[in-house]
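Numbering (UniProt numbering), first residue to last: 1 to 267. Ideal placement from N, C-alpha and C gives every residue a C-beta, glycine not left out.
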């Protein structure tokens, strides 16, 4: 994958030389504030206990553990989407999209290179968030390493597939903020980030099942919070990978037409 490796190295070099650390801190604060405010709410309002309804829906009473996994998964999703989906529209804004389109490089390896860089960058930020959670006493007493690894792979695949579709839509529309923020809002509300999506109305739950991030988060929670082995997580894992494949194929089908439309709009 020479194209993917070259893209990763280029992005790493550019970012390491001119990366706004204040922006990185701001992104990290999303997870820090989510966990911190949840800690205060649990102890100052809830008296350190959770409702029986929450325990029944989640299979456990570890509220802070639930929030920490959700906050880490959400920050991972947001940061990966920010890097991966903005790859093509960044080229468009810099005026290099036309040169990229005529270059002898496949679009999928190029996007995989961006995603590889995003994965390395995001892993550091999620690690820092995990350290903050540990300072507040959040622990994962029961977790299965192999199942957890499968959950991370599933979430990465889900976010990458959604990013390909989103990237195609953004270069057609010529904008990024509204499109990305809409996806971020949908993920935060529908995918069980800070509360079980079983609390949602039935139509919203059906909509949540159409997003591969939902099933990926279920795998992560069951692996990290419940310690379930990989065999028990297979149904949700298969659902996530099937949806991710569908999104990826849709995105790759949309990209050629989206690129032509983007070039036409530039004239």
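Considering only residues of the same chain and omitting the five flanking positions on each side of residue i, which have a CB-CB separation below 6 Å?
i	result
residue 63	42 and 50
residue 189	none
Per DSSP, what kind of secondary structure is residue i in: helix, strand or coil?
i	result
residue 229	coil
residue 131	helix
residue 177	helix
residue 161	helix
residue 101	helix
residue 143	coil
residue 193	coil
residue 239	helix
residue 246	helix
Measuring straight from C-alpha to C-alpha, what distance separates residue i and residue j?
i	j	result
residue 2	residue 116	13 Å
residue 35	residue 132	9 Å
residue 46	residue 29	23 Å
residue 157	residue 138	27 Å
residue 196	residue 84	27 Å
residue 15	residue 114	12 Å
residue 94	residue 7	16 Å
residue 60	residue 104	53 Å
residue 79	residue 52	34 Å
residue 13	residue 163	22 Å
residue 260	residue 99	13 Å
residue 56	residue 65	15 Å
residue 27	residue 75	8 Å
Could one say the Cβ of residue i lies closer than 8 Å to chain B's Cβ atoms, at least one of them?
i	result
residue 174	The structure shown contains no chain B, having only a single protein chain.
Going along the chain, which residues of its own chain have a beta-carbon closer than 7 Å to the beta-carbon of residue i, five neighbours each way excluded?
i	result
residue 154	216, 219, 237, 240 and 241
residue 250	165
residue 262	92, 97, 171 and 172
residue 72	31, 126, 129 and 130
residue 272	The first residue shown for the chain is 1 and the last is 267, placing residue 272 beyond what the model contains.
residue 69	220, 221, 224 and 225
residue 229	144 and 147
Output needed for residue i: all residues of its chain with C-beta closer than 8 Å, excluding positions within five of it in sequence on either side, in chain order.
i	result
residue 106	3
residue 243	158, 161, 210, 211, 212 and 215
request  = Examine the Cβ distances between the region 87-95 and the region 159-175 and report whether three or more of them are shorter than 8 Å.
outcome  = Contact between the region 87-95 and the region 159-175 is present: three or more C-beta pairs spanning the two stretches fall below 8 Å.
request  = Flag this pair as touching only if the region 200-214 and the region 123-140 have three or more C-beta atom pairs under 8 Å; answer yes or no.
outcome  = When Cβ pairs closer than 8 Å are counted between the two stretches, the region 200-214 is seen not to touch the region 123-140, the count staying below three.
task = Examine the Cβ distances between the region 186-202 and the region 102-114 and report whether three or more of them are shorter than 8 Å.
result = The answer is no - the region 102-114 does not touch the region 186-202, with fewer than three Cβ pairs under 8 Å.
inquiry  = For the region 252-262 against the region 92-111, do three or more pairs of beta-carbon atoms, one drawn from each stretch, fall closer than 8 Å, so that the two count as touching?
reply    = In the pairwise beta carbon analysis, the region 252-262 is classified as touching the region 92-111: at least three pairs are separated by under 8 Å.
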